[in-house]
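Just below is one structure, and these are the notes that go with it.
Protein chains in written order, with the numbering used here: chain A, 2 to 136; chain B, 502 to 590.
The structure is reproduced here in structure tokens:
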């Protein structure tokens, strides 16, 4: 994918259905966070990240119906999660319940809501390292 | 709000294409079956409400992106690739 990409979310985001057009800036050398900028509301943007980077076992199971609805043909979707960065960046969390799925061929995107998982709405990215590994 | 009373095994049809079946009533729990075309999303209300609230709270001022990346890079330097090293999958 190119570094900057225009995306279209036909149904917007959950709770923000009017936000349909975005510009995605993929992570650069500055770090693992990318940026999803609303093209309709300049004041609205989200930090995004590749969930597999910090949660290697993360799985997004889509039903046949969802695959159809998302128009995902052959190519596997790009999966990103929204990262909330509070004033103290060390407290940032990722939403693993509502990942963003993007069709890399068409730039069409959708926020999927995962039910029946134990994933966190606020998954800490910078959790403290447990004592046993500090030997 | 349209209010209907149903017994187990009775159904409600919405928009002539979405079917809700009352499967079982047990105590204060109702088990519902929902049949709908693939383009129709069905969710528990509280799950959708939680994602909605989280989306709104996740709107971030762009100035925080730099510090956010810096914090993650610092973490990578200290603890290696990835943000977690507690053995969780």
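Just so it is clear, CB atoms sit at the ideal spot from N, CA and C, and this is done for glycine as well.
Buried/exposed call for residue i, threshold 16 Cβ in 10 Å
i                      : result
residue 46 of chain A  : buried
residue 19 of chain A  : exposed
residue 534 of chain B : exposed
residue 55 of chain A  : buried
residue 43 of chain A  : exposed
residue 93 of chain A  : buried
residue 90 of chain A  : buried
Chain B contact for residue i (CB, 8 angstroms cutoff)
i                      : result
residue 33 of chain A  : yes
residue 22 of chain A  : no
residue 135 of chain A : With a pLDDT of 43 at residue 135 of chain A, under the threshold of 50, the modelled position of this residue cannot be trusted; read the value that follows with caution. It does not; no Cβ of chain B falls within 8 angstroms.
residue 106 of chain A : no
Among the options, the one whose alpha carbon lies nearest that of residue i
i                      : options                    : result
residue 527 of chain B : B/503, B/539, B/508        : B/508
residue 27 of chain A  : A/115, A/126, A/105, A/122 : A/105
residue 60 of chain A  : A/100, A/76, A/108         : A/100
residue 117 of chain A : B/543, B/524, B/558        : B/543
residue 78 of chain A  : A/108, A/22, A/5           : A/108
residue 58 of chain A  : A/37, A/23, A/125, A/120   : A/120
8 angstroms contact criterion, which residue i and residue j should meet: CB distance rounded
i                      : j                      : result
residue 81 of chain A  : residue 51 of chain A  : 6 angstroms
residue 521 of chain B : residue 515 of chain B : 7 angstroms
residue 525 of chain B : residue 532 of chain B : 4 angstroms
message = Using 8 angstroms as the cut-off, can you tell me whether the segment 550-567 of chain B makes contact with the segment 75-92 of chain A, which would need three or more C-beta pairs spanning the two stretches below that distance?
response = yes
key: Three-pair Cβ contact test at 8 angstroms for the segment 107-124 of chain A versus the segment 61-69 of chain A   = Contact between the segment 107-124 of chain A and the segment 61-69 of chain A is present, because at least three Cβ pairs lie under 8 angstroms.
message = Contact between the segment 571-580 of chain B and the segment 28-36 of chain A is defined here as three or more beta-carbon pairs at a separation below 8 angstroms; is this criterion met?
response = Here the segment 571-580 of chain B lies against the segment 28-36 of chain A, with 3 or more beta-carbon pairs under 8 angstroms apart.
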